[in-house]
Amino acid sequence: WPLRLILALLQTMAFQNHIYEWVRDHRVHHKFTETDADPHNAKRGFFFSHIGWLMVRKHKEVFEKGASIDMSDLEKDPIVMLQKKTYLVVMPILCFLLPSWIPVYFWGEDPWTSWYVASIWRYTMSLNFTWLVNSAAHIWGNKPFDKNIGATDNLTVAICAIGEGWHNYHHVFPWDYKAAELGNYRTNISTAIIDLAAKYGWAYDLKTVSTQMILNRVTRTGDG
Numbered sequence: 496w497p498l499r500l501i502l503a504l505l506q507t508m509a510f511q512n513h514i515y516e517w518v519r520d521h522r523v524h525h526k527f528t529e530t531d532a533d534p535h536n537a538k539r540g541f542f543f544s545h546i547g548w549l550m551v552r553k554h555k556e557v558f559e560k561g562a563s564i565d566m567s568d569l570e571k572d573p574i575v576m577l578q579k580k581t582y583l584v585v586m587p588i589l590c591f592l593l594p595s596w597i598p599v600y601f602w603g604e605d606p607w608t609s610w611y612v613a614s615i616w617r618y619t620m621s622l623n624f625t626w627l628v629n630s631a632a633h634i635w636g637n638k639p640f641d642k643n644i645g646a647t648d649n650l651t652v653a654i655c656a657i658g659e660g661w662h663n664y665h666h667v668f669p670w671d672y673k674a675a676e677l678g679n680y681r682t683n684i685s686t687a688i689i690d691l692a693a694k695y696g697w698a699y700d701l702k703t704v705s706t707q708m709i710l711n712r713v714t715r716t717g718d719g
């Protein structure tokens, strides 16, 4: 539970909806990717998949198909449900107030500078880096594992999103904890963090994909 609690606090700081809603949207995206049931359907263009989907009411298919997604595992998780219940209270503190207060208190930073840099600029950058996975990594890049889907492997996105840009791989093998074939720490910091947690027993039962399975898929459906 220590790792789950830490990640829940960091996810709250990110202010990208609470865990329950984020996971539901992510599961719908994978199950119905690039259809009207996909919350950020990349077939509707870069702007829509990047930020536009957050500016309009979701397509009715998202609601209808989303209702079929099994969320029972999260509903049994007390940390997830507590975060959902307290999100609107805790999120402003962790996302805006605390990051702005720390520089002012500890090294006398100007309050407005702290607000705009530590809160607004940080939040804006983290949002756009995340959104690039939904937009750029569904439009530009290579498709070494499945050329028939929209998701791509995009190095730039991988660097910006600390390892989440190997999206063609992630859509083909969504159960691999690395979300990438190699887990190269230079372009996949997320994997390094998980591996470090696993070293101390905080993360366990890590699932991955065999080399042979990857090669078979590359040969069968990769873009060469």
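Counting the sequence shown from 1 gives a position; this note's numbering is that position plus 495.
Every residue, glycine too, gets a C-beta built ideally from N, C-alpha and C.
- Of the other Cβ atoms in all chains shown, 16 or more fall within 10 Å of the Cβ of Pro639; this residue is therefore buried.
- With a 10 Å radius around the Cβ and a threshold of 16 neighbouring Cβ atoms, Thr647 comes out buried.
- Less than 8 Å divides the Cβ of Lys673 from the Cβ of Thr686.
- Ranking Pro534, Ile709, Thr608, Lys560 by CA distance to the CA of Asn663 puts Ile709 first.
- The C-alpha of Thr530 is placed about 33 Å away from the C-alpha of Pro587.
- Looking from the CA of Ile644, the closest CA among Thr682, Lys553, Ile657, Ala632 belongs to Ala632.
- Within the same chain, Cβ atoms closer than 7 Å to the Cβ of Trp626 are found at His545, Ile546, the five residues on either side in sequence being excluded.
- No residue range can be given for Ala537, since it is assigned to no alpha helix (DSSP H) and is classified by DSSP as neither H nor E.
- Here DSSP, grouped into helix, strand and coil, assigns Trp661 to strand.
- The C-alpha of Trp670 is placed about 22 Å away from the C-alpha of Gln511.
- Between Asn683 and Gly658, the gap from beta carbon to beta carbon is short of 8 Å.
- Contact between the region 496-504 and the region 569-577 is present: 3 or more CB-CB pairs across the two stretches fall below 8 Å.
- Cβ-Cβ separation between Val557 and Ala532: approximately 6 Å, consistent with a contact (criterion under 8 Å).
- Apart from sequence neighbours up to five positions away, the residues of its chain that approach Asp718 with a beta-carbon distance below 8 Å are Asn637, Lys638, Pro639, Lys642, ordered along the chain.
- Cβ-Cβ separation between Ser609 and Val599: approximately 5 Å, consistent with a contact (criterion under 8 Å).
- Rounded to whole angstroms, the gap between the alpha carbons of Trp661 and Ile689 is 17 Å.
- Contact check for Val518 against Leu569 passes: the beta carbons are separated by less than 8 Å.
- For His665, same chain residues with a beta-carbon under 6 Å away, outside a window of 5 residues either side, are Ala674 in chain order.
- The alpha helix (DSSP H) runs of length 4 or more contained entirely in the region 517-568 are, from start to end of the chain, 541-545, 555-561.
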